[in-house]
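Student: Per our numbering, residue 20 is the first one in the sequence shown, and the count goes up by one each step.
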Amino acid sequence: MRLALVPTGAFARDLKRMARKHVPLEPVEEVLDLIAENSEASLRTLEARHRMHILQGYAAVYECHIGNAGDLLLVWHREGDAAYILRLGSHDQVLGRRGRY
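1) Between which two residues does the alpha helix (DSSP H) containing L44 stretch?
2) Report the CB separation of L22 from A102 in whole angstroms; it is logged as a contact under 8 angstroms.
3) Using only the alpha-carbon positions, how far apart do V50 and I85 sit?
4) Across which residues does DSSP place V77 in a beta bridge pair?
5) To the nearest angstrom, how far is the alpha carbon of H72 from that of L24?
6) Does the pairing of the region 95-109 with the region 28-43 give three or more beta-carbon distances under 8 angstroms?
7) Just to confirm, is the Cβ distance from L91 to Y81 under 9 angstroms?
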(Lines of atoms letter the chains of each structure in order from A and count residues from 1; the text may use other names and numbers.)
(Lines give C-alpha, C1' and ligand atoms only; values in the text may rest on other atoms or scores of the structure.)
Protein backbone atom coordinates (compact mmCIF):
# COMPACT_ATOMS: atom_id res chain seq x y z
CA MET A 1 0.00 0.00 0.00
CA ARG A 2 1.56 3.27 -1.13
CA LEU A 3 1.56 6.13 1.38
CA ALA A 4 0.65 9.72 0.56
CA LEU A 5 3.51 12.06 1.48
CA VAL A 6 2.36 15.17 3.36
CA PRO A 7 5.17 17.71 3.84
CA THR A 8 4.91 20.06 6.81
CA GLY A 9 5.85 23.74 6.75
CA ALA A 10 8.97 22.99 8.81
CA PHE A 11 10.07 20.40 6.24
CA ALA A 12 9.50 22.87 3.38
CA ARG A 13 11.71 25.43 5.16
CA ASP A 14 14.35 22.76 5.83
CA LEU A 15 14.31 21.71 2.17
CA LYS A 16 14.68 25.31 1.03
CA ARG A 17 17.63 25.78 3.41
CA MET A 18 19.31 22.64 2.02
CA ALA A 19 18.84 23.88 -1.55
CA ARG A 20 20.43 27.24 -0.65
CA LYS A 21 23.42 25.38 0.79
CA HIS A 22 23.69 23.41 -2.48
CA VAL A 23 23.13 20.08 -0.72
CA PRO A 24 22.26 17.46 -3.38
CA LEU A 25 18.56 16.67 -2.99
CA GLU A 26 18.47 13.46 -5.08
CA PRO A 27 19.22 11.26 -2.03
CA VAL A 28 16.35 12.96 -0.17
CA GLU A 29 14.01 12.22 -3.08
CA GLU A 30 15.19 8.59 -3.09
CA VAL A 31 14.38 8.20 0.62
CA LEU A 32 10.99 9.88 0.17
CA ASP A 33 10.21 7.41 -2.64
CA LEU A 34 11.13 4.50 -0.36
CA ILE A 35 8.88 5.87 2.40
CA ALA A 36 5.97 6.33 0.00
CA GLU A 37 6.44 2.85 -1.50
CA ASN A 38 5.90 1.28 1.94
CA SER A 39 6.68 -2.27 0.81
CA GLU A 40 8.66 -4.88 2.75
CA ALA A 41 11.59 -4.38 0.39
CA SER A 42 11.57 -0.60 0.74
CA LEU A 43 11.36 -0.80 4.54
CA ARG A 44 14.28 -3.26 4.61
CA THR A 45 16.27 -0.85 2.43
CA LEU A 46 15.45 2.04 4.76
CA GLU A 47 16.53 0.00 7.80
CA ALA A 48 19.72 -1.41 6.27
CA ARG A 49 20.97 1.47 4.13
CA HIS A 50 19.53 4.50 5.91
CA ARG A 51 19.38 3.25 9.52
CA MET A 52 15.64 3.89 9.87
CA HIS A 53 14.29 3.55 13.40
CA ILE A 54 11.46 4.78 15.59
CA LEU A 55 12.40 7.78 17.71
CA GLN A 56 12.52 6.83 21.35
CA GLY A 57 9.61 8.27 23.29
CA TYR A 58 7.42 8.87 20.22
CA ALA A 59 4.77 6.61 18.73
CA ALA A 60 5.10 6.07 14.97
CA VAL A 61 7.70 8.85 14.49
CA TYR A 62 10.62 7.61 12.40
CA GLU A 63 14.09 8.91 11.66
CA CYS A 64 16.59 7.87 9.02
CA HIS A 65 19.94 9.05 7.72
CA ILE A 66 20.12 10.34 4.16
CA GLY A 67 22.62 8.37 2.05
CA ASN A 68 26.26 9.22 2.56
CA ALA A 69 25.59 12.81 3.60
CA GLY A 70 26.87 12.17 7.12
CA ASP A 71 24.74 14.09 9.59
CA LEU A 72 21.61 14.58 7.46
CA LEU A 73 18.39 13.21 8.96
CA LEU A 74 14.81 12.90 7.79
CA VAL A 75 12.02 12.64 10.38
CA TRP A 76 8.45 11.59 9.56
CA HIS A 77 5.28 10.42 11.27
CA ARG A 78 3.10 7.70 9.84
CA GLU A 79 -0.63 7.91 10.37
CA GLY A 80 -3.04 5.72 8.41
CA ASP A 81 -2.31 5.96 4.69
CA ALA A 82 -0.14 9.08 5.03
CA ALA A 83 3.44 9.86 5.98
CA TYR A 84 3.81 13.37 7.40
CA ILE A 85 7.32 14.56 6.56
CA LEU A 86 8.32 16.58 9.62
CA ARG A 87 11.95 17.70 9.40
CA LEU A 88 15.17 17.50 7.38
CA GLY A 89 18.58 18.55 8.67
CA SER A 90 21.45 17.76 11.01
CA HIS A 91 20.91 16.16 14.42
CA ASP A 92 21.10 19.56 16.11
CA GLN A 93 18.75 21.22 13.61
CA VAL A 94 16.18 18.43 13.67
CA LEU A 95 16.29 17.13 17.23
CA GLY A 96 17.89 20.05 19.04
CA ARG A 97 20.16 19.68 22.00
CA ARG A 98 17.55 17.79 23.99
CA GLY A 99 16.81 15.24 21.28
CA ARG A 100 13.30 16.51 20.50
CA TYR A 101 12.12 17.43 17.01
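Glycine residues also receive a C-beta, built at the ideal position from the N, C-alpha and C atoms.
Given the structure is predicted, the values throughout are model-derived calculations rather than measurements.
Tutor: Working from what's here:
1) That residue, L44, is in no alpha helix (DSSP H); it is neither H nor E in DSSP.
2) 5 angstroms
3) Taken atom to atom, the span from the alpha-carbon of V50 to that of I85 is near 7 angstroms.
4) In the sequence on display, residue 77 carries Tyr and not Val. Paired residue(s): none; Y77 is not in a bridge.
5) 18 angstroms
6) In this structure the region 95-109 lies against the region 28-43, because at least three pairs of beta carbons, one per stretch, are closer than 8 angstroms.
7) no
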